[in-house]
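Going by numbering that gives the first Met the number 0, the first residue of the sequence shown is number 0, and it counts up by one from there. Glycine is no exception: its CB is placed at the ideal position from the N, C-alpha and C atoms. These numbers were taken from a predicted model, which means no experiment stands behind them.
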Amino acid sequence: MELPWSGSSNPVRSFWFLGLLALFLWGCQPKGPAGPPAPKESYLYTKKQVESRRYLSTLNIPVDISLRDVEQQINANLQDLIYEDLSYDDGDDMQVRVWKRGRISVAPQAIPAKNGTPAAGGPLPASPGSSLQLVVPLKVWIKTRYSLLGLSTEKEIQFDLNVRLTTRFSVAPNWEARTETELQGFDWVTKPVLKLGPVSIPVAGIVEKSLNSKKESIEDGVDEAVRKNIEIRKYVLQAWNAALQPYQVSEKYRTWLKVTPVGIEMTPFRADGKNLRAVVGIQTYTETVFGDKPVVTPVTQVPDLKISPSVSDDFTIGLVSELSHAEAEKMVSDTVVGQHFHYGKYDVEVTDVKLYGDANELAIRAGLKGSLNGYIYFKGVPYYDPVTRTVTLRNMDYDLDTRSFLVKTANWLLQSRLRKSLQAALTFPVGEPIEEARRRVQALLNRNQVAKGVTLNGKIESVKPDQVYLTNGSIYAIVFAKGSVNLHVEGL
Numbered sequence: 000m001e002l003p004w005s006g007s008s009n010p011v012r013s014f015w016f017l018g019l020l021a022l023f024l025w026g027c028q029p030k031g032p033a034g035p036p037a038p039k040e041s042y043l044y045t046k047k048q049v050e051s052r053r054y055l056s057t058l059n060i061p062v063d064i065s066l067r068d069v070e071q072q073i074n075a076n077l078q079d080l081i082y083e084d085l086s087y088d089d090g091d092d093m094q095v096r097v098w099k100r101g102r103i104s105v106a107p108q109a110i111p112a113k114n115g116t117p118a119a120g121g122p123l124p125a126s127p128g129s130s131l132q133l134v135v136p137l138k139v140w141i142k143t144r145y146s147l148l149g150l151s152t153e154k155e156i157q158f159d160l161n162v163r164l165t166t167r168f169s170v171a172p173n174w175e176a177r178t179e180t181e182l183q184g185f186d187w188v189t190k191p192v193l194k195l196g197p198v199s200i201p202v203a204g205i206v207e208k209s210l211n212s213k214k215e216s217i218e219d220g221v222d223e224a225v226r227k228n229i230e231i232r233k234y235v236l237q238a239w240n241a242a243l244q245p246y247q248v249s250e251k252y253r254t255w256l257k258v259t260p261v262g263i264e265m266t267p268f269r270a271d272g273k274n275l276r277a278v279v280g281i282q283t284y285t286e287t288v289f290g291d292k293p294v295v296t297p298v299t300q301v302p303d304l305k306i307s308p309s310v311s312d313d314f315t316i317g318l319v320s321e322l323s324h325a326e327a328e329k330m331v332s333d334t335v336v337g338q339h340f341h342y343g344k345y346d347v348e349v350t351d352v353k354l355y356g357d358a359n360e361l362a363i364r365a366g367l368k369g370s371l372n373g374y375i376y377f378k379g380v381p382y383y384d385p386v387t388r389t390v391t392l393r394n395m396d397y398d399l400d401t402r403s404f405l406v407k408t409a410n411w412l413l414q415s416r417l418r419k420s421l422q423a424a425l426t427f428p429v430g431e432p433i434e435e436a437r438r439r440v441q442a443l444l445n446r447n448q449v450a451k452g453v454t455l456n457g458k459i460e461s462v463k464p465d466q467v468y469l470t471n472g473s474i475y476a477i478v479f480a481k482g483s484v485n486l487h488v489e490g491l
């Protein structure tokens, strides 16, 4: 049986049949190889994670307590009448009154010279330790009762002496000033003598024995006066809250240095000339914050004190430069889009460039037309070059899938200048915002009064690269600014 469109009687139908058959056979022909797969877009960090990176630092706070202030406090709190015992019935047959004869003096604990005598005939040199020497000038009145030939008799004597004490100054974990005072001895100004008619009887030994029996009372009185009247906690709290304040690094880039105190330590006090000196170190996390000024809440308590032999003054801050993917793409496109790359009889033109992250690598998609049409991909690890102050790519090369694809289909492209030209274009200057941030931080540290009575002073000593971070939308270059920082608080 003959098909309806077969035979010479149906030329139009035969034409359509042949045309459809040709299209079918063309569609069944094997196609050219597909383009290489794109590297998967992924990021190890979010924008928030990068911008909130924290660095452990120490705010160094010198503490100077004037020995003159200590002296004034002790004198103010030891009244003129220091001790009174008007009873004969406590076993000593004596009544005693002790007055402060003059100002109590406070000085660094003296140490003898090597030969045991004052150096160069002058006063003993000051000890580098934390002990102080107190000299307390006293006037003593004693009425003694005794029996003579069966008769009870009373006699009064009055004399002057200087009492020598040493006291070791320290601060307890709860920030309370502590002293450990020890009675060292007496220097007689006028020795006590008991007159019985024409006879004078020295009684210095008896008086010394009596005063030594009051040793603990004298020592405790000095310690209590210091503990009650030398306050350290309020100044440390003031310093802690001053450290909490955000400091503006750049108005243009709306960046702030945020400091979060996390711990506190202090060296032992040492007597140095006219002062008791120590160093308080507030351990902090520093971070660079973008946007509005961070809100902080003042604290009312500080952590317990930890005593350390020394306190570091190392300070670290991250200086940040942000470059958006769009801005980076424009910089690269302005250089390479429209360029032609020749190799022998082959020629391609770059039509567009796209940048994105693949974990810690920057992926580059380059659009081509000409002898090869489509997209190819490169990858490299971004890093900050401190010499040129630029972000560039280390080990930039064709993505492995792209290289495999080109080996099979367009090996000539691997021999062209395309990769080197792209790598040269992928160099981004980021030094200016980093340098501006460094200048701002240094200006902040130049004796800057950050609060009433609180002055920040320090120096940036080095700037070293941290790393480059890729996020969804931006490339961040971060460098460490390292130096030393002191925080001076009036009253400390």
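In the three-state DSSP reduction, Phe268 falls in the coil class, being neither helix nor strand. In this structure, the CA atom of Asp159 is about 38 Å from the CA atom of Trp174. Within the model, the alpha-carbon separation for Thr389 versus Trp255 is close to 23 Å.
The shortest CA-to-CA distance from Pro61 to any of Ile231, Thr165, Asp88 and Arg167 is the one to Ile231. The residues Ala37, Pro38, Glu40, Leu354, Tyr355, Gly356, Tyr376, Phe377, Lys378 and Asp398, in chain order, have a CB closer than 8 Å to that of Ala362 in the same chain once the five nearest residues on each side in sequence are set aside. The segment 431-444 makes no contact with the segment 393-411; the number of CB pairs closer than 8 Å stays below 3.
Runs of the beta strand (DSSP E) lying entirely within the segment 34-113 and spanning at least 3 residues, in chain order: 53-65, 80-84, 93-99 and 104-107. About 5 Å separates the CB atoms of Thr285 and Tyr54; that is less than 8 Å, so the two are in contact. Apart from the 5 residues on each side of it in sequence, Ser169 sits with its Cβ closer than 6 Å to the Cβ of Arg177 in its chain, given in chain order.
The beta-carbon distance between Gln183 and Arg163, rounded to whole angstroms, is 4 Å. This is short enough to meet the 8 Å contact definition. Under the three-state reduction of DSSP output, Ile231 falls in the coil class, being neither helix nor strand. Val331 sits in a helix when the DSSP states are folded into three classes. A Cβ-Cβ separation of about 4 Å places Ser130 in contact with Gln108 under the 8 Å criterion.
It is roughly 10 Å from the alpha-carbon of Arg67 to the alpha-carbon of Asn74. If one requires a minimum length of 3 residues, the beta strand (DSSP E) runs lying completely within the segment 184-250 are 192-195, 198-201 and 246-249, in chain order.
Residue state for Trp411 is assigned as helix, using DSSP reduced to three classes. Beta-carbon to beta-carbon, Val288 and Lys251 are separated by about 15 Å, too far to satisfy the 8 Å threshold. Boundaries for Val336: no beta strand (DSSP E) harbours it, and the DSSP string shows neither H nor E there.
The continuous beta strand (DSSP E) containing Ser169 extends over residues Leu150 to Val170. Of the candidates Gln94, Tyr468, Val95 and Thr454, Tyr468 places its Cα closest to the Cα of Pro381. Relative to Tyr82, the option among Ala436, Val261 and Glu215 whose CA is nearest is Glu215. Judged by their CB atoms, Val478 and Lys458 are not nearer to each other than the 8 Å cut-off. With three or more CB-CB distances shorter than 8 Å, the segment 410-422 counts as touching the segment 330-347.
Uninterrupted beta strand (DSSP E) stretches at least 3 residues long and entirely within the segment 341-379 occur at 345-358 and 360-369, given in chain order. The beta carbon of Ala171 sits closer than 8 Å to the beta carbons of Arg177 and Leu304 from its chain, once the five residues preceding and following it are set aside; these are given in chain order.
Spatial neighbours of Ala358 in its own chain (CB-CB distance under 7 Å, excluding positions within 5 residues in sequence) are listed in chain order as Ser41 and Leu43. For Gly430, the enclosing alpha helix (DSSP H) begins and ends at Gly430 to Leu444. Judged by DSSP in its simplified three-state form, Gln466 adopts strand. When DSSP states are grouped into helix, strand and coil, Leu133 belongs to the strand group. Selection Glu360, Asp312 and Ser151 evaluated against Gly482 yields Asp312 as nearest (Cα-Cα). For Trp174, no pairing in a beta bridge is given by DSSP.
Sequence-distant partners of Thr296 (beyond 5 residues in either direction) whose C-beta falls short of 7 Å from its own C-beta are missing from its chain. 8 Å or more divides the Cβ of Phe427 from the Cβ of Ala325.
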